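K.L.:
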């Protein structure tokens, strides 16, 4: 495994990344909450793009992986700034974001802010607005009081150790919501979702499909696939989705 390079963002955060040169549009992998750029999907896509001679970027948000900061200090807006800094500084021309889970939300934020830079979009178990519609909506009154009083609360996860959810994460999330106002995505979009996903529901995927405005947006539900979406057949579906949006942009 090669050592990452580092980018200093305008906000003073140090972002670890791997950038592979190649033809555009550059594929950019955006990982999930508390995941990092060494995950199966990111590394697989990097190798696949290399066989295609296509440019590829993967990076860690601040407080994740090899980047600076701690997870508990971060929020959706911070990671959106990291995403914008990485893409605008390290790539040229158009890009194809591939957003997994929270990275799906991040990809939508980037597409909304910089539509001129996007050739197409792929999401994998996208989790837009989860701080509000997932965490806050599911909290009991006692949990909400604890969050207000102590500034954080521990949430169990089916996929790793419990998350520490902070009041800042929830409060900032309300400023980053993408499912309340119009969401134009003027390019091809492919959304992938497993029916056995215990972190993101198929209802969320359908809600995004119905809400966004796109000339060519499709949702593929994969029976029995879980939130990781990283076995061989699922990785093949990600490759096909990227191939589809590249073809649509040509």
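In full-length UniProt numbering, the protein residues as written are 1 to 250. Cβ coordinates follow ideal geometry from the N, Cα and C atoms, glycine included. Since the model is a prediction, treat every value here as computed from it, not as a measurement.
Residue 225 bridges to which residues according to DSSP?
P.N.:
Partner(s): none; residue 225 has no beta bridge.
K.L.:
Using alpha carbons as the reference points, say which of 58, 15, 100, 72 lies closest to residue 26.
P.N.:
Comparing Cα-Cα distances from residue 26 to each of 58, 15, 100, 72, the minimum goes to 58.
K.L.:
Can you tell me where the alpha helix (DSSP H) with residue 44 in it begins and where it stops?
P.N.:
It spans 40 to 52 - the alpha helix (DSSP H) in which residue 44 sits, taken as one unbroken run.
K.L.:
Just to confirm, is the Cβ distance from residue 104 to residue 127 under 8 Å?
P.N.:
Going by C-beta atoms, residue 104 is nearer than 8 Å to residue 127.
K.L.:
Over what stretch of residues does the alpha helix (DSSP H) that includes residue 18 continue unbroken?
P.N.:
Here residue 18 belongs to no alpha helix (DSSP H); instead the beta strand (DSSP E) covers 14 to 20.
K.L.:
Does residue 41 pass the burial test, meaning 16 or more other C-beta atoms within 10 Å, or should it be called exposed?
P.N.:
It counts as buried.
K.L.:
Residue 34: buried (16+ other C-beta within 10 angstroms of its C-beta) or exposed?
P.N.:
Buried is the call here.
K.L.:
Distance check for residue 81 and residue 7, CA to CA, integer angstroms please.
P.N.:
Those two C-alpha atoms are separated by around 12 Å.
K.L.:
If you count every other CB in all the chains shown that lies within 10 Å of the CB of residue 83, and 16 or more means buried, which is it?
P.N.:
Buried, since its Cβ has 16 or more Cβ neighbours within 10 Å.
K.L.:
Just reading off the beta strand (DSSP E) that residue 157 is part of, what are its end residues?
P.N.:
Where residue 157 is concerned, there is no enclosing beta strand (DSSP E), given that its DSSP letter is neither H nor E.
K.L.:
What would DSSP say about residue 176, mapped onto helix, strand or coil?
P.N.:
Residue 176: coil per DSSP, three-state reduction.
K.L.:
Taking buried to mean at least 16 other C-beta atoms within 10 Å of its own C-beta, is residue 318 buried or exposed?
P.N.:
Outside the shown range of the chain (1 to 250) lies residue 318, about which nothing can therefore be said.
K.L.:
In chain order, what are the residue ranges of uninterrupted alpha helix (DSSP H) at least 4 long that sit wholly in the UniProt domain "AB hydrolase-1" (51 to 140)?
P.N.:
Entirely contained in the UniProt domain "AB hydrolase-1" (51 to 140), the alpha helix (DSSP H) runs reaching 4 residues are, in chain order, 76 to 90, 102 to 113.
K.L.:
Can you check whether the CB of residue 165 is closer than 8 Å to the CB of residue 135?
P.N.:
Yes, these two residues count as a Cβ contact at 8 Å.
K.L.:
So what's residue 181 in DSSP terms, helix, strand or just coil?
P.N.:
DSSP places residue 181 in coil when its eight states are reduced to three.
K.L.:
Pairs of beta-carbons, one from the segment 107 to 127 and one from the segment 141 to 154, closer than 8 Å: are there three or more?
P.N.:
Taking 8 Å as the limit for Cβ pairs, the verdict is that the segment 141 to 154 does not touch the segment 107 to 127.
K.L.:
Taking residue 246 as the reference, which of 188, 211, 205 has the closest Cα?
P.N.:
Ranking the options by Cα distance to residue 246, first place goes to 188.
K.L.:
Given a cut-off of 8 Å, decide if residue 177 and residue 191 are closer than it, judged by their beta-carbon atoms.
P.N.:
It is not a contact, given that the beta carbons lie outside the stated cut-off.
K.L.:
Excluding the 5 residues flanking residue 195 on each side, which residues of the same chain have their C-beta closer than 8 Å to its C-beta?
P.N.:
Same-chain partners within the cutoff: 202, 221, 222, 223, 224, 225.
K.L.:
Can you tell me the Cα-Cα spacing of residue 184 and residue 151, whole angstroms?
P.N.:
For residue 184 and residue 151, the distance between alpha carbons rounds to 35 Å.
K.L.:
Compute the Euclidean distance between the alpha carbons of residue 181 and residue 94, then round it to the nearest angstrom.
P.N.:
Spanning the two alpha carbons is a distance of roughly 25 Å.
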